[in-house]
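Under the working numbering, the first residue of the sequence shown is numbered 10, with each subsequent residue one higher. Every residue, glycine too, gets a C-beta built ideally from N, C-alpha and C. As the structure is a prediction and not an experimental result, all values here were calculated from the model. Below: one structure, written as structure tokens.
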Amino acid sequence: MARERLQHLTPKEKLALQEYLNRLRQEYGRDVLSVKLYGSKARGDHHEDSDLDLFVRIGQDNRQTYAKMYLIASDIELKYDLILGMMLVGPTHHSLMRRLGEPLYRNVQREGIELWTRTPRALSTSDSNAAEKI
10 MARERLQHLT PKEKLALQEY LNRLRQEYGR DVLSVKLYGS KARGDHHEDS DLDLFVRIGQ
70 DNRQTYAKMY LIASDIELKY DLILGMMLVG PTHHSLMRRL GEPLYRNVQR EGIELWTRTP
130 RALSTSDSNA AEKI
């Protein structure tokens with residue numbers, strides 16, 4: 010369960026993640042396929058200055074969407090005085106990472122904590138299935 014694996018995050022980090030997910034849902038809910046926390050914060054071996062590494066999988070290769078999602082992250086970073094290490098990945102890049110077995114991709118698959126996933130329409134009546142509150 011994601012909530013149990015996030016207990017080591019500070020209240021500020023949890024609020025920042027929740028706000029980021031809410032903003033993504035509101036503004037890009039149909040475009041985002043999944044959001045995973047990975048890296049030291051996911052593993053629990055972080056230090057005081059560690060960032061929150063997020064792997065955001067997007068359903069289209071669109072630079073304008075990427076830029077706007079980075080702006081949302083910047084707003085959150087300024088508001089909460091923390092760093093979101095964003096990795097926005099469209100279908101072309103995701104396919105390449107997977108096919109090549111890139112170390113980053115393998116790490117995200119192994120240690121990533123799923124914060125949000127979009128359920129395919131064939132399996133659900135809703136467009137988005139948000140992870141439980143952080």
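| query | result |
| --- | --- |
| Alpha-carbon spacing of L93 relative to R108, whole angstroms | 26 angstroms |
| Nearest to M96 (by Cα), restricted to the options E57, R34, G48 and E28 | G48 |
| Test item: CB-CB of K88 and E28 under 9 angstroms | yes |
| Residue range of the beta strand (DSSP E) that includes S43 | V41 to Y47 |
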